[in-house]
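As given, the protein sequences belong to chains A and B, one line each in that order.
Counting with this note's numbering, you get residues 1 to 47 for the letters of the first sequence.
Counting with this note's numbering, you get residues 48 to 183 for the letters of the second sequence.
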Amino acid sequence: MAIQVGKPAPEFEAQAYVNGEIRKVKLSDYRGKFVLLYFYPGDFTFV
Amino acid sequence: MNCEVLAISVDSPYTHKVWQETELSKMVPGGLPYPMLSDPAGTIGRLYGVYDEDTGVDVRGRFLIDPEGNLQAYEVLAPAIGRNVGEMIRQVKACKHVLATGEATPAGWEEGKKALRPEPGLSGRVCEIWNPEMAF
Numbered sequence: 001m002a003i004q005v006g007k008p009a010p011e012f013e014a015q016a017y018v019n020g021e022i023r024k025v026k027l028s029d030y031r032g033k034f035v036l037l038y039f040y041p042g043d044f045t046f047v
Numbered sequence: 048m049n050c051e052v053l054a055i056s057v058d059s060p061y062t063h064k065v066w067q068e069t070e071l072s073k074m075v076p077g078g079l080p081y082p083m084l085s086d087p088a089g090t091i092g093r094l095y096g097v098y099d100e101d102t103g104v105d106v107r108g109r110f111l112i113d114p115e116g117n118l119q120a121y122e123v124l125a126p127a128i129g130r131n132v133g134e135m136i137r138q139v140k141a142c143k144h145v146l147a148t149g150e151a152t153p154a155g156w157e158e159g160k161k162a163l164r165p166e167p168g169l170s171g172r173v174c175e176i177w178n179p180e181m182a183f
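What follows is the structure in structure tokens.
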């Protein structure tokens, strides 16, 4: 795994569903805030 | 808490929309208030080491990133094992405390509990100010 605590989290950009609309979201949009990024195996399961 | 939540799976934004409308909105009035990201090719999952090539999904990984963009904590669970939301919130609070004060938060730390100030004199003397019962 290339990731390491204390080191920069890998930057990414993705299409996202937010409040009824679809838009691009980048990790760097959230600089200045804590981010809790959680992956889950799939919609219609538990997260 | 100044903490933004981002959910991400290999599903398309349209699948996220249908799931929000048909099921999630029944559990959370108005649906989830945070973005649901789409990682259709597993590109982001690979960057974070959670993409499973065999099943083609991102497994249950969770990453705490600080305001400067540095990774502070992560946890990866097998798909069938659910997470502990209270523990995630505790880690955000602990991380904030560490960054704001320069102190360290020992096992079981919660808001209001004793934190430790790292200094050479602490070496070998942690037992004088902290005991294992404080971990619970």
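For each residue, glycine too, the CB sits at the ideal point set by N, CA and C.
In this text, all values refer to a predicted model and were calculated from it rather than measured experimentally.
Against A:K26, chain B offers no close residue; the least beta-carbon distance is about 10 Å (beta-carbon pairs closer than 8 Å). When DSSP reads this structure, B:F110 sits in a beta bridge with A:L37 and B:Y121. Of the residues B:P87, B:I112, B:Y81 and B:G92, the one whose Cα lies closest to the Cα of A:F39 is B:G92. For the 8 Å CB-CB criterion, B:A154 and B:P165 do not form a contact. Going by DSSP, B:I136 is part of the alpha helix (DSSP H) stretching over V132 to T148. By the neighbour-count definition (other C-beta atoms within 10 Å, threshold 16), B:M74 is an exposed residue. In the pairwise beta carbon analysis, the segment 94-111 of chain B is classified as touching the segment 1-20 of chain A: at least three pairs are separated by under 8 Å. Its chain contains G96, V97, V106, R107, G108 and R109 as the residues whose beta carbon lies nearer than 8 Å to that of B:V123, once the 5 sequence neighbours on both sides are disregarded; these appear in chain order. For B:M135, the closest of B:G149, B:A120, B:A127 and B:A162 by C-alpha to C-alpha distance is B:A120. Counting only residues of its own chain and dropping the five nearest sequence neighbours on each side, B:R137 has a CB closer than 7 Å to the CB of E157. In this structure the segment 75-87 of chain B does not touch the segment 26-35 of chain A; the number of beta carbon pairs closer than 8 Å is below three. The DSSP-derived three-state label of A:P8 is strand. Bounds of the beta strand (DSSP E) holding A:R23 are E21 to K26. For A:E13, there is no enclosing alpha helix (DSSP H); the enclosing beta strand (DSSP E) has its first and last residue at E13 to V18.
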